[in-house]
Structures are given as structure tokens and as C-alpha cells.
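Numbering (the working numbering), first residue to last: 23 to 302.
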């Protein structure tokens with residue numbers, strides 16, 4: 023009896039050890055599978071049969087420059103853009119290609135004034151989850167149909183959106199409380215005059231609805247302010263209009279204000295990096 027009990031205990035210990043090893047063996051792959059990062063790149067990839075499915079409205083005439091300034095035709099950039107390996111954006115009137123790589127991102131971090139920097143960073147972090155070729159081609163078609171020039175006429179209180187010299191939209195605007203003349207210093211209530219670009223469009227959480235950041239001050243603005251011993255100011259925007267200011271005139275601190283429905287149109291057709299020319 024004593025030997026039987028001892029044998030039972032030994033077998034029980036051995037059996038427990040075998041069971042525990044199997045449990046660890048089974049659990050380890052599951053734990054590793056949970057901890058191992060999964061690729062988010064599940065989007066559909068380009069294949070040459072898609073040439074037959076290009077939307078009729080897509081503008082294949084646009085030339086895009088790569089990082090070295092070499093011109094790329096549509097057939098050269100459609101594949102990396104479709105595959106979410108690159109994006110195209112405007113840089114003050116020139117279309118450019120940005121590769122979504124760590125090297126390109128590191129280069130972007132070194133330039134505090136990089137054009138369309140927010141769009142380029144977001145695209146790098148964004149997953150490619152689009153599994154419909156129609157949606158991808160529609161997005162590329164829309165991108166290639168974006169406006170390429172914005173003009174502001176301060177005296178007329180108008181903003182014009184153009185593409186390849188053709189007028190797309192024209193909207194009334196309001197300016198700062200002291201609109202006549204070029205902006206020189208912080209707090210003067212004036213809107214700057216000159217050539218800039220639009221950047222970092224975003225939806226706001228306040229009464230001004232949506233905004234574009236204008237690339238003021240540029241190098242020339244900072245130099246003029248330094249010569250005069252003043253601060254050039256910053257934060258000049260295109261933004262929406264609060265309900266209380268709907269019927270007011272020239273009420274901003276130097277920004278360009280549009281009706282909310284009009285800035286909705288800008289958000290649809292004017293991307294980051296678009297050239298904006300502000301005239302007297």
C-alpha cells in the first residue's frame with residue numbers, strides 16, 4: 023500500500039510537469055502573437071490591369087518632381103502613390119513626390135518650415151487599409167484636381183481660387199480691424215501682402231470653425247521687422263466666421279475670414295502647400 027501510494031505521487035508529479043510544459047508551449051505562441059506588431063498595410067496594390075479602370079476625369083498631364091527635382095510623369099508616380107508608398111503635394115506652385123520612408127521623415131524633421139509638413143507626417147503614420155481600387159483611384163483623381171493658386175484682393179474683399187489659370191471659386195472675405203497697408207508688426211491689425219503658401223489646415227474646436235495657416239512671416243517679413251526693431255507677429259490664418267460676427271466687417275486681428283460654407287469649399291479643393299498671393 024505504501025509503495026503504491028509513493029508510486030502514485032511520483033506519477034502525479036511527472037504528469038503535472040508534462041502538463042505544465044504543454045501549457046507553456048501552447049500559451050507562448052499565443053502570447054507572442056499578441057505582442058508581435060501586425061502590419062497595418064492591407065490595402066490593395068497596383069497592378070497593370072488598373073490602367074483600364076482609370077477614371078475619365080483623372081488629370082494625367084500633371085508632372086511631379088521627386089526629392090532630387092527630377093520630373094516624373096503620371097505613369098511613374100501612380101504606382102507608389104496608389105500603393106501608399108508615397109504622396110504628392112504642392113510646394114508653392116510645384117507638384118512634388120514625398121516617399122513615405124523613415125529617411126524622408128527624418129529629413130522632414132530637420133526643416134522647421136517644410137511645406138505641407140503636417141500632411142506628409144500624417145501620411146507616414148496612416149495605415150493603408152483601402153481595399154477598393156475604385157476608392158483609391160477616386161482619391162488620386164481628386165488630389166490631381168485640386169486648385170493650384172489662391173489670390174486675395176484686400177481692397178475688393180475677395181478671395182479667388184484658381185487651377186491652371188481658370189477661376190474655380192470666388193468668395194467675399196473680411197480682414198483685420200486696420201486693413202489698409204502691409205503687415206509690419208505684431209498687433210497692427212493688418213493682413214500681410216505678398217506671396218506665401220497655405221499649410222496645416224485643421225478643424226477647430228472654437229467659434230472660428232476651420233483654419234488654414236498662412237506661412238507668415240517669411241524671411242523678408244522677419245528682416246523688415248528686425249530692421250524696424252519690432253516683432254513681425256505670427257498666426258495669420260484663413261478661418262471661418264463665428265455666428266456673432268456673421269454681419270460684421272473687418273473684425274479679425276489680421277486674419278482672412280470667410281463664411282463657414284465657403285471655407286468648407288476651400289477644404290475640399292485647396293490642399294496644404296498651395297500658393298497664396300495676397301494683393302493690396
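Every residue gets a Cβ at the ideal spot worked out from N, C-alpha and C, and that includes glycine. Being a predicted model, the structure only gives us computed values, none of them experimental.
How long is the line joining the alpha carbons of residue i and residue j, rounded to whole angstroms?
{"i": "residue 228", "j": "residue 282", "result": "13 Å"}
{"i": "residue 257", "j": "residue 75", "result": "44 Å"}
{"i": "residue 81", "j": "residue 117", "result": "13 Å"}
{"i": "residue 55", "j": "residue 143", "result": "Per-residue confidence for residue 55 stands at a pLDDT of 36, beneath the threshold of 50, marking its modelled position as unreliable; the derived number appears in the next sentence. Looking at the two C-alpha atoms, the distance is approximately 29 Å."}
{"i": "residue 247", "j": "residue 216", "result": "15 Å"}
{"i": "residue 128", "j": "residue 146", "result": "11 Å"}
{"i": "residue 189", "j": "residue 172", "result": "10 Å"}
{"i": "residue 60", "j": "residue 149", "result": "Low confidence applies here, because residue 60 scores a pLDDT of 42, under 50, leaving its location unreliable and the question unanswered by this model."}
{"i": "residue 261", "j": "residue 294", "result": "14 Å"}
{"i": "residue 298", "j": "residue 114", "result": "8 Å"}
{"i": "residue 265", "j": "residue 226", "result": "15 Å"}
{"i": "residue 57", "j": "residue 72", "result": "Caution is warranted here: a pLDDT of 33 is assigned to residue 57, below 50, making its placement in the model unreliable, and the coordinate value is therefore given only provisionally. Using only the alpha carbons, I get a separation of about 37 Å."}
{"i": "residue 87", "j": "residue 97", "result": "13 Å"}
{"i": "residue 83", "j": "residue 270", "result": "43 Å"}
{"i": "residue 286", "j": "residue 263", "result": "12 Å"}
{"i": "residue 64", "j": "residue 100", "result": "18 Å"}
{"i": "residue 111", "j": "residue 94", "result": "13 Å"}
{"i": "residue 47", "j": "residue 125", "result": "With a pLDDT of 44 at residue 47, under the threshold of 50, the modelled position of this residue cannot be trusted; read the value that follows with caution. Looking at the two C-alpha atoms, the distance is approximately 40 Å."}
{"i": "residue 243", "j": "residue 139", "result": "21 Å"}
{"i": "residue 290", "j": "residue 245", "result": "35 Å"}
{"i": "residue 259", "j": "residue 70", "result": "43 Å"}
{"i": "residue 207", "j": "residue 186", "result": "34 Å"}
{"i": "residue 268", "j": "residue 130", "result": "39 Å"}
{"i": "residue 164", "j": "residue 255", "result": "35 Å"}
Are residue i and residue j closer than 8 Å when you measure CB to CB?
{"i": "residue 90", "j": "residue 108", "result": "no"}
{"i": "residue 232", "j": "residue 221", "result": "no"}
{"i": "residue 170", "j": "residue 296", "result": "yes"}
{"i": "residue 198", "j": "residue 274", "result": "yes"}
{"i": "residue 272", "j": "residue 201", "result": "yes"}
{"i": "residue 179", "j": "residue 196", "result": "yes"}
{"i": "residue 292", "j": "residue 181", "result": "no"}
{"i": "residue 240", "j": "residue 224", "result": "no"}
{"i": "residue 162", "j": "residue 213", "result": "no"}
{"i": "residue 251", "j": "residue 211", "result": "no"}
{"i": "residue 176", "j": "residue 253", "result": "no"}
{"i": "residue 159", "j": "residue 77", "result": "yes"}
{"i": "residue 105", "j": "residue 67", "result": "yes"}
{"i": "residue 300", "j": "residue 137", "result": "no"}
For the alpha helix (DSSP H) that contains residue i, what are its first and last residues?
{"i": "residue 99", "result": "96-104"}
{"i": "residue 139", "result": "139-147"}
{"i": "residue 158", "result": "155-165"}
{"i": "residue 287", "result": "282-291"}
Identify the continuous beta strand (DSSP E) that holds residue i and give its terminal residues.
{"i": "residue 122", "result": "Premise fails: residue 122 is in no beta strand (DSSP E) and is neither H nor E."}
{"i": "residue 204", "result": "Segment: none, residue 204 is in no beta strand (DSSP E) and carries neither H nor E."}
{"i": "residue 170", "result": "Here residue 170 belongs to no beta strand (DSSP E), and DSSP marks it neither H nor E."}
{"i": "residue 223", "result": "216-225"}
{"i": "residue 177", "result": "Element bounds for residue 177: n/a, residue is neither H nor E."}
{"i": "residue 108", "result": "108-113"}
{"i": "residue 246", "result": "Unbroken run through residue 246 is the alpha helix (DSSP H), 241-250; no beta strand (DSSP E)."}
{"i": "residue 193", "result": "188-194"}
{"i": "residue 72", "result": "First-last for residue 72: undefined, no H or E at that position."}
{"i": "residue 66", "result": "Note, residue 66: premise wrong, no beta strand (DSSP E); not H, not E."}
{"i": "residue 299", "result": "297-301"}
{"i": "residue 259", "result": "259-261"}
{"i": "residue 253", "result": "Unbroken run through residue 253: none, as it is neither H nor E."}
- Does the pairing of the segment 275-293 with the segment 151-163 give three or more beta-carbon distances under 8 Å? The segment 275-293 makes no contact with the segment 151-163, as fewer than three CB pairs between them are under 8 Å.
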